[in-house]
Amino acid sequence: MTLELGGIHHLTAVTADAPRNLKFYTQTLGMRLIKKTVNQDDTSAYHLFYGDGVASPGADLTFFDFNTMREQRGNHTVGRTGLRVDSEETLKWWKEHLQANQVSTSGIKDRFGHLSLDFEDFEGQRFRLVVDANNTVIPWEKSPVPADKQIIGLGPITLSVPKLEPTDAMLTRVMNMRQVRHYPARERGGETFVYEMGPGGPAAELHVSVDPSLPNARPGAGGVHHVAFRTPDQDSLRQWIERINGFGIRSSGEVERFYFTSLYFREPNGILFEIATDVPGFAADEPMESLGETLALPPFLEGRRAQIEAGLKPLV
């Protein structure tokens with residue numbers, strides 16, 4: 002039986018303004034703050050997780066709060082993040098809602114096989130709202146966005162690379178994805194190649210935009226740190242570790258994040274990938290009804306709570 006990924010697990014981006022980030026994603030985008038914690042490798046920085054009403058895997062958009070300059074756009078990074086909604090009617094609602102909140106948008110049209118709407122947050126983080134008619138919203142009851150208009154989850158995710166072949170080899174030979182179609186990239190004349198994993202569909206697509214004329218990206222606020230893919234549990238993660246090692250790819254090995262267990266490695270164009278388990282999830286240390294209301298720390302950081310809290314700036 003072929004080892005397959007289940008789709009997008011989460012995407013972690015970078016902000017330089019955590020309070021404004023919190024306001025935008027919970028109030029303008031109406032997502033639920035499902036975990037307020039810290040970067041486990043740099044506890045001076047918040048790690049904020051936004052999701053749907055029940056913190057479903059595949060709905061997590063997360064941010065590291067780093068004191069950094071804006072990203073310089075280009076290749077070797079994630080260029081755009083997909084957010085799924087349920088219908089064309091919902092896309093129309095979002096266009097009006099975003100514009101009413103002084104967020105510029107593109108027109109609604111078919112892009113790379115999906116009816117969609119593009120916009121950016123206040124730091125230039127690039128998003129594409131995509132129709133996914135086969136999935137339904139699991140709403141957050143306290144959201145300012147109506148229950149039937151809320152974001153379903155992540156996907157597709159678009160990588161920006163100067164050359165397809167090395168990334169294609171990683172995605173197809175190592176990660177068992179399928180290249181299913183490709184389109185001209187209308188903006189600059191390059192091409193975008195679409196890969197599916199597991200069940201396919203917008204929640205399980207990775208788009209690779211190829212344009213050798215772009216400069217190398219410089220990481221920063223408004224950019225993406227890494228993208229994570231779903232695997233059910235630790236047993237399947239260990240199979241992925243064995244597979245990655247078998248190809249001689251340098252990786253982190255198994256990393257315990259408490260809310261999930263992870264494997265990190267880079268694809269040949271330098272973009273950081275993670276494979277993360279669906280379990281145990283974000284209710285491992287907080288009741289589902291009060292997720293994100295207080296600072297959560299995994300057990301291995303709990304003994305440093307006073308020191309960590311003293312180093313964090315207020316979010317409101």
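Going from the sequence shown to our numbering is simple: count from 1 and add 1.
Just so it is clear, CB atoms sit at the ideal spot from N, CA and C, and this is done for glycine as well.
How long is the line joining the alpha carbons of residue i and residue j, rounded to whole angstroms?
i	j	result
Ala218	Arg129	20 angstroms
Glu157	Arg74	Checking the sequence, you will find Pro at residue 157 rather than Glu. Between Pro157 and Arg74, the C-alpha separation is close to 19 angstroms.
Trp141	Ser214	42 angstroms
Val146	Ile152	9 angstroms
Pro216	Thr78	11 angstroms
Ala307	Phe248	43 angstroms
Pro163	Ala17	28 angstroms
Leu298	Asp149	32 angstroms
Phe301	Lys96	43 angstroms
Met2	Gly108	43 angstroms
Lys36	Ser88	28 angstroms
Val175	Leu165	15 angstroms
Phe283	Asn270	31 angstroms
Met70	Thr173	35 angstroms
Glu121	Pro233	32 angstroms
Val131	His10	17 angstroms
Arg267	Ser237	19 angstroms
Asn40	Ile309	11 angstroms
Ala285	Tyr260	7 angstroms
Thr38	Ile272	24 angstroms
Leu23	Leu34	8 angstroms
Gly201	Lys93	25 angstroms
Pro185	Glu303	50 angstroms
Ala311	Lys110	48 angstroms
Glu287	Ser253	28 angstroms
Glu206	Val195	7 angstroms
Gln235	His48	23 angstroms
Asn135	Leu30	21 angstroms
Quick check: residue i and residue j, are their CB atoms within less than 7 angstroms of each other?
i	j	result
Ala222	Ala277	no
Thr262	Val209	no
Thr1	Leu118	Look at the range of the chain in this structure, 2 to 317, and you will see that residue 1 is not part of it.
Arg329	Arg81	The structure shown does not extend to residue 329, since the chain is modelled only from 2 to 317, so the question has no answer here.
Phe25	His226	no
Thr13	Thr91	no
Tyr265	Glu275	yes
Gly199	Val15	no
Pro20	Leu316	yes
Gln240	Leu4	yes
Pro203	Asp279	no
Gly52	Arg231	no
Residue i: which of the options sits nearest, CA to CA?
i	options	result
Pro281	Glu257, Glu268, Arg174, Tyr265	Glu257
Gln180	Ala170, Ser252, Glu197, Glu192	Glu197
Ala56	Ile139, Gly7, Asn68, Asn22	Ile139
Leu160	Asn76, Glu275, Gly304	Asn76
Val211	Gly201, Ala205, Glu192	Glu192
Ile245	Asn177, Asp53, Lys110	Asn177
His115	His183, Thr69, Ala170	His183
Val86	Met70, Asp122, Thr44, Met32	Met32
Asp61	Arg305, Asn22, Leu155	Leu155
Arg305	Thr44, Gln28, Thr27	Thr44
Met171	Pro185, Leu313, Glu310, Arg251	Arg251
Phe67	Leu34, Glu124, Leu30	Glu124
Met289	Lys314, Pro185, Gly54	Gly54
Leu313	Gln28, Ala46, Ser144, Ile242	Ala46
Leu6	Lys143, Ile242, Ser253, Lys110	Ile242
Thr27	Ser144, Asp42, Ser253	Ser144
Pro220	Asp42, Glu72, Phe50, Leu30	Glu72
For residue i, report the span of its beta strand (DSSP E) as first-last.
i	result
Gly247	Here Gly247 belongs to no beta strand (DSSP E); instead the alpha helix (DSSP H) covers 235 to 247.
Gln180	179 to 185
Arg129	127 to 132
Pro315	Premise fails: Pro315 is in no beta strand (DSSP E) and is neither H nor E.
Arg306	It is not in any beta strand (DSSP E) - Arg306 instead sits in the alpha helix (DSSP H) that spans 306 to 311.
Leu296	Element bounds for Leu296: n/a, residue is neither H nor E.
Phe64	61 to 66
Ser210	206 to 211
Ala284	Run containing Ala284: none; DSSP gives neither H nor E here.
Tyr196	192 to 197
Arg231	225 to 232
Ser1	This structure cannot speak to residue 1, because the chain is shown only from 2 to 317.
Asn40	33 to 40
How is the alpha helix (DSSP H) around residue i delimited, first residue to last?
i	result
Lys24	19 to 24
Lys346	This structure gives no information on residue 346, because the portion of the chain shown stretches from 2 to 317.
Thr168	165 to 170
Glu268	Per DSSP, Glu268 belongs to no alpha helix (DSSP H) and is neither H nor E.
Checking contacts by CB at 7 angstroms: is residue i closer than that to chain D?
i	result
Leu99	Protein chain content of the structure displayed is limited to a single chain, and chain D is not contained in it.
**Prompt:** How do the segment 289 to 305 and the segment 87 to 104 stand: do at least 3 beta-carbon pairs fall below 8 angstroms, yes or no?
**Reply:** no
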